[in-house]
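First up is the structure itself, then whatever we jot down about it.
2 protein chains.
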Amino acid sequence: LSRPAIHIGPSDNDGLTAAVRAGGGEPAPLDAANALVWHGGATDFPELPASVRWVQLPAAGVETWMELVRGAPEVTFTSAAGAYATDVAEHALALLLAGVRGFARYARADRWDPVDDRLLEGSTVAVVGAGGIGQAFIERAAPLDVELVAITRSGRDVPGAHRSLAVDRLPEVWASADHFVICAPATDATRHLVGSEQLAQMQPHSWIVNIARGSLIDTDALVEALQAERIGGAGLDVTDPEPLPDGHPLWASPRAIITPHVANPPSAQWRKLAERVQENVARFAAGERLIAPVEQDRGY
Amino acid sequence: LSRPAIHIGPSDNDGLTAAVRAGGGEPAPLDAANALVWHGGATDFPELPASVRWVQLPAAGVETWMELVRGAPEVTFTSAAGAYATDVAEHALALLLAGVRGFARYARADRWDPVDDRLLEGSTVAVVGAGGIGQAFIERAAPLDVELVAITRSGRDVPGAHRSLAVDRLPEVWASADHFVICAPATDATRHLVGSEQLAQMQPHSWIVNIARGSLIDTDALVEALQAERIGGAGLDVTDPEPLPDGHPLWASPRAIITPHVANPPSAQWRKLAERVQENVARFAAGERLIAPVEQDRGY
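Taken in order, these protein sequences are the chains called H and Y. Once you know that position 263 of the first sequence is 263 in my numbering, the rest is easy, because the numbers rise by one and skip nothing. Here my numbering runs 1000 ahead of the position in the second sequence, where the first position is 1.
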């Protein structure tokens, strides 16, 4: 395949077309395509012709696509995992700093009312899940003089972390770290990773940041912990349910900062997706290993 | 002086007493003191006996003390400049990230309403004044993939900055940088450093962060620029007037994040002042050069 035929769907897109061409591919109708670059959702996904051997998905977290992936075992699916890592890590750092520094109160205030908040400096931050986002977060938090604890499935040494622990050590982390940044994929194993039991072990000043998926936190348990002032607060870019409905108690909590799934804002997302598409098309054309293949067994 | 006699005023303080002792000094009454560690304000400052040769002030910015300093030219005054630099730089980064990431809107929202905000990543950040705070800010912003421009009086090369410019280059910086972090001392020369002319040159997405002193920004001009949506917004830990009075238009601006002079919160301030006192007492006892002597001619 010197210039593989790549279909872009569900609609034309100038940025992705340019990326396909720059990567050495040729935009093509679906029924003539060797690969599909998909920038739509999971529900309107097309039936794939036999010629399609690779599908590039637009999302970093692909839990809604796993049924499709498992239904087409002869096709390689790649996610956009890692493509948006620095965007999301930047947002996670913004939420953590804003939370610890009292912005949930200050941003809503209409009078001068200083509080003796803690610094982030000197605290211990647990990074739960250290894939692309967790790794990028660790790099960004490094100069802030915090102790970084990385938690992964395997407990492998995570570059830049002061301690690397396996997920079975999480129970001791909830009680000992000051703050928590949740960057783990959404799988059956990570659903309600943070529930009432975990929240009860945290410290009264602890902030928890979630930029992964809403399902990783038990929302009802979180609302209860915030209302009882048992933790410092929560900075959430993802929620369960999502979108967070009007009137939900999280909106009114003086201990919550909610951003509406904007860690990776649309214009940045299109730009970074195009970069990933160009790189993966070039690899596909060269017969090389693609970036971020979805593994059916682990679910991401 | 093997153990210099150090008075602590205007009142006893356990942390400072321990710091004086740990530095090799001995707490003493003012009329028997070789030095004074002052943790009060400028208005209740005592008359100094001739035995006092050094005064440690509690503030990093000493503009309100300059008359006192100039009235006692035989006494060395040291400020706390640099002691709180990492605290304040952390807060500056929090304000910048929060501003750019739309938290002024999101923190006040009660419904899911995503906006396509820019990243901080990829932008140019001008650090106006690169003393201890500016330097600490540059270190903290380094991994965020921003272009850092440091502006100092002399234009000396600032470590970590991608470009170092002298203050006479500021006019081109207002028009070219994306965001501005004001870390310059308050002097006659820096009053209203940012006024309507400078604000008019900034870009519609530009955020300006002030963690220095309120007087560096012309508040009325800023309010006008925010109301006219001519800049992205302002993150202010210091204001003019300060405290910002109830009903001031900045409180209601959807483009402002105001924190009430808490970049260096009280408990952190006491801890870091004690560290500085210990170090300077040890230097005083050893006859070494003190940290952060106030220079009468430059005014800080």
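Idealized CB from N, CA, C, for every residue including glycine. The structure displayed is predicted, hence computed values, not measured ones.
Please list, in chain order, all residues of the same chain as residue i whose beta carbon is under 8 Å from its beta carbon, the five residues on each side excluded.
i	result
valine 146 (chain H)	Leu120, Glu121, Gly122, Ser123, Thr124, Val125
phenylalanine 52 (chain H)	Reading off the sequence, residue 52 (chain H) comes out as valine, not phenylalanine. Answer for valine 52 (chain H): His7, Leu30, Ala33, Asn34, Ala35, Leu36, Val75, listed in chain order.
proline 73 (chain H)	Gln296
histidine 1091 (chain Y)	Ile1211, Asp1237, Thr1259, Val1262, Ala1263, Asn1264
glutamate 26 (chain H)	Arg3, Pro4, Ala5, Ile6, Val20
glutamate 47 (chain H)	none
alanine 1142 (chain Y)	Leu1148, Gly1160
valine 1167 (chain Y)	Ile1151, Thr1152, Arg1153, Gly1155
Measuring only the C-alpha atoms, how far is residue i from residue j?
i	j	result
glycine 102 (chain H)	glutamine 1135 (chain Y)	24 Å
alanine 1177 (chain Y)	alanine 80 (chain H)	31 Å
alanine 59 (chain H)	alanine 263 (chain H)	13 Å
arginine 1118 (chain Y)	leucine 1097 (chain Y)	11 Å
cysteine 183 (chain H)	asparagine 210 (chain H)	7 Å
phenylalanine 1077 (chain Y)	glycine 247 (chain H)	56 Å
aspartate 1014 (chain Y)	threonine 1064 (chain Y)	26 Å
tryptophan 112 (chain H)	aspartate 1237 (chain Y)	11 Å
valine 1055 (chain Y)	alanine 1019 (chain Y)	15 Å
proline 204 (chain H)	glycine 99 (chain H)	13 Å
arginine 1163 (chain Y)	aspartate 1087 (chain Y)	24 Å
valine 283 (chain H)	alanine 5 (chain H)	According to the sequence provided, residue 283 (chain H) is arginine. The question's valine does not apply to it. Cα to Cα, the separation comes out at about 14 Å.
valine 69 (chain H)	valine 294 (chain H)	8 Å
alanine 42 (chain H)	arginine 276 (chain H)	19 Å
asparagine 1280 (chain Y)	aspartate 1012 (chain Y)	19 Å
methionine 1202 (chain Y)	isoleucine 1231 (chain Y)	7 Å
proline 245 (chain H)	alanine 186 (chain H)	21 Å
alanine 1050 (chain Y)	histidine 1192 (chain Y)	39 Å
leucine 1095 (chain Y)	glycine 71 (chain H)	47 Å
valine 1149 (chain Y)	leucine 93 (chain H)	22 Å
glutamate 172 (chain H)	valine 62 (chain H)	30 Å
alanine 228 (chain H)	alanine 1089 (chain Y)	32 Å
alanine 1109 (chain Y)	threonine 1190 (chain Y)	36 Å
leucine 206 (chain H)	valine 158 (chain H)	The sequence given here places serine at residue 206 (chain H); leucine does not occur at that position. Rounded to whole angstroms, serine 206 (chain H) to valine 158 (chain H) spans 23 Å at the Cα level.
glutamine 278 (chain H)	proline 266 (chain H)	18 Å
leucine 1165 (chain Y)	threonine 1219 (chain Y)	26 Å
Residues bridged to residue i by DSSP?
i	result
tryptophan 54 (chain H)	H:Ala35, H:Thr76
tryptophan 207 (chain H)	H:Gly233
phenylalanine 180 (chain H)	H:Ala126, H:Ile208
glutamate 26 (chain H)	H:Ala5
glutamate 1147 (chain Y)	Y:Thr1124
proline 1293 (chain Y)	Y:Thr1078
isoleucine 1133 (chain Y)	Answer is none; isoleucine 1133 (chain Y) lacks a bridge partner.
alanine 166 (chain H)	H:Thr152
isoleucine 1257 (chain Y)	Y:Gly1235
valine 1088 (chain Y)	DSSP lists no partner for valine 1088 (chain Y).
isoleucine 1217 (chain Y)	Y:Val1194
Under 8 Å by Cβ, that's how I've got residue i and residue j pegged, so tell me the actual separation to the nearest angstrom.
i	j	result
arginine 1021 (chain Y)	alanine 1285 (chain Y)	No, arginine 1021 (chain Y) and alanine 1285 (chain Y) are not in contact; Cβ-Cβ is about 11 Å, not under 8 Å.
phenylalanine 180 (chain H)	valine 128 (chain H)	6 Å
leucine 1144 (chain Y)	arginine 140 (chain H)	6 Å
alanine 1196 (chain Y)	alanine 1221 (chain Y)	It is serine, not alanine, that sits at residue 1196 (chain Y) in the sequence shown. Sure, about 4 Å apart at Cβ, within 8 Å.
aspartate 1240 (chain Y)	isoleucine 1217 (chain Y)	7 Å
isoleucine 138 (chain H)	glycine 160 (chain H)	4 Å
alanine 1274 (chain Y)	leucine 1016 (chain Y)	6 Å
glycine 82 (chain H)	glycine 132 (chain H)	4 Å
alanine 1107 (chain Y)	alanine 107 (chain H)	4 Å
valine 1194 (chain Y)	isoleucine 1208 (chain Y)	7 Å
Closer than 6 Å by C-beta to residue i: which residues in its own chain qualify, once you throw out the five before and the five after it? Chain order, please.
i	result
glutamine 198 (chain H)	Trp174
threonine 152 (chain H)	Ala130
methionine 66 (chain H)	Gly299
alanine 970 (chain Y)	Since the first residue shown for chain Y is 1001 and the last is 1300, residue 970 (chain Y) is missing from the structure and cannot be characterised.
glycine 1040 (chain Y)	Pro1010
leucine 290 (chain H)	Thr78, Asn280, Arg283
Spatial neighbours of residue i within its chain, please: CB distance less than 7 Å, with the 5 preceding and 5 following residues excluded, ordered by chain position.
i	result
alanine 1256 (chain Y)	Ala1104, Leu1226, Gly1233, Ala1234, Leu1236, Leu1250
tyrosine 84 (chain H)	Ala60, Asn264, Gln269, Lys272
glutamate 1242 (chain Y)	Gly1214, His1261
aspartate 44 (chain H)	Pro10
leucine 1170 (chain Y)	Ile1151
Could you run through the region 129-154 of chain H and flag, in chain order, every residue whose CB is less than 8 Å away from some CB of chain Y? Glu139, Arg140, Ala142, Pro143, Leu144, Asp145
Chain H contacts from the region 1081-1095 of chain Y (Cβ-Cβ distance under 8 Å): Thr1086, Asp1087, Glu1090, His1091, Leu1093, Ala1094
Short of 9 Å Cβ to Cβ, which residues in the region 1187-1215 of chain Y face chain H? none
Selection of the region 109-130 of chain H by Cβ proximity to chain Y, strictly under 8 Å: Ala109, Asp110, Arg111, Trp112, Asp113, Pro114, Val115, Asp116, Asp117, Arg118, Leu119, Leu120, Glu121
Could you list the residues in the region 1259-1286 of chain Y with a C-beta less than 8 Å from some C-beta on chain H, going in chain order? Thr1259, Pro1260, His1261, Val1262, Pro1265, Pro1266, Ser1267, Ala1268
Residues of the region 1057-1070 of chain Y with a CB closer than 7 Å to any CB of chain H: list them in chain order, please. none
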